[in-house]
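For any residue, its number in the numbering used here is found by taking its place in the sequence shown, counting from 1, and adding 16. Don't be surprised by glycine CBs; every beta carbon is placed ideally from N, CA and C. Structure first, then comments.
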Amino acid sequence: MTKLVLTACLTLLSTSAFADPPRVEHRRDRAEVGSDHRELRDDRLDLEKVSALESAYAKAIRHPRRNARQIEALERDFLAAMHDELRESSHEVRKGEREVRASEREVDASRREARRDVVTGRPSGDDRRDLRDDRRDLRDDRRDLAKEMQAKRTTQVIAREFRDLRGVSTPRAFDRKQRLMREAVELARAEVREDRKELREDRREIREDRRERREDRREDRRGR
17 MTKLVLTACL TLLSTSAFAD PPRVEHRRDR AEVGSDHREL RDDRLDLEKV
67 SALESAYAKA IRHPRRNARQ IEALERDFLA AMHDELRESS HEVRKGEREV
117 RASEREVDAS RREARRDVVT GRPSGDDRRD LRDDRRDLRD DRRDLAKEMQ
167 AKRTTQVIAR EFRDLRGVST PRAFDRKQRL MREAVELARA EVREDRKELR
217 EDRREIREDR RERREDRRED RRGR
């Protein structure tokens, strides 16, 4: 009985999606904007945390009477922050890989639709537009994945070198560790900028989708 109910629900959802693809696409766009907001909020918090650690560390190592226990705690907290960032980066890379595969499937499906229209002699502007949009999404997803992978590699390098220098109390080591912290701050700042850019792009796509739906409705009314 449970299987029958589940199958019926899935069928209804699938039928609804196919019956009104613009509405489904609109919901997906809104979900992406919500996800963008959450990522921006989280990355802002990460930036504030790493910036505070770097600032406190700079003061601690330049104090006339250094507090070894305080410096050790700051170094430990920074490495913990880098560990959290690496875990999040790995999650983002896996998510990006899934998005690229999904976009590749959408491009393939749109390409088949466009070919079928040509074969049947009924070329559709909507299908050509869908193919163009899907190709754009695939290009953007691949670009985002490349950036996530580069950010992960950079974080790995920072964490590895900082871990090797942890506890070393020479002036040169202190200077290098502070530089590594600054690199982490700049990386976090770049992620916030990228989040804002992606949020603007997703909002722009929503506006474009709305305009296209209005145009489609006008064409439908003229065709009646």
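Output needed for residue i: all residues of its chain with C-beta closer than 6 Å, excluding positions within five of it in sequence on either side, in chain order.
i: E210; result: none
i: P80; result: none
i: Q86; result: A76
i: L56; result: D211
Measuring only between beta-carbons, confirm whether residue i sits less than 7 Å from chain C.
i: H99; result: The question asks about chain C, but that chain is absent: this structure has only one protein chain.
Rounded to the nearest angstrom, how far is the Cβ of residue i from that of residue j, given a contact under 8 Å?
i: E101; j: D62; result: 7 Å
i: A76; j: N83; result: 6 Å
i: L215; j: H53; result: 7 Å
i: A167; j: L203; result: 6 Å
i: D157; j: V116; result: 5 Å
Between which residues of its own chain and residue i is the CB-CB distance below 8 Å, once the five residues before and five after are set aside?
i: G183; result: E88 and E91
i: L95; result: A175, F178, R179 and R182
i: V201; result: L63, V66, S67 and E70
i: E199; result: T170 and I174
Excluding five sequence neighbours on each side, which residues of the same chain lie with their C-beta closer than 7 Å to the C-beta of residue i?
i: A72; result: L90
i: K60; result: Here residue 60 turns out to be Arg, not Lys, going by the sequence shown. Hits under 7 Å: V208.
i: R144; result: A130
i: A35; result: Confidence at A35 is low in this model, with a pLDDT of 45, below 50, so its placement is unreliable and the value that follows should be read with caution. Once the five neighbours on either side are set aside, A35 has no close Cβ partner at all.
i: E104; result: none
i: A189; result: L181
field: Contact between the stretch 110–118 and the stretch 152–162 (3+ Cβ pairs under 8 Å)
entry: yes
Between the stretch 143–154 and the stretch 113–131, do at least 3 Cβ pairs fall closer than 8 Å? yes
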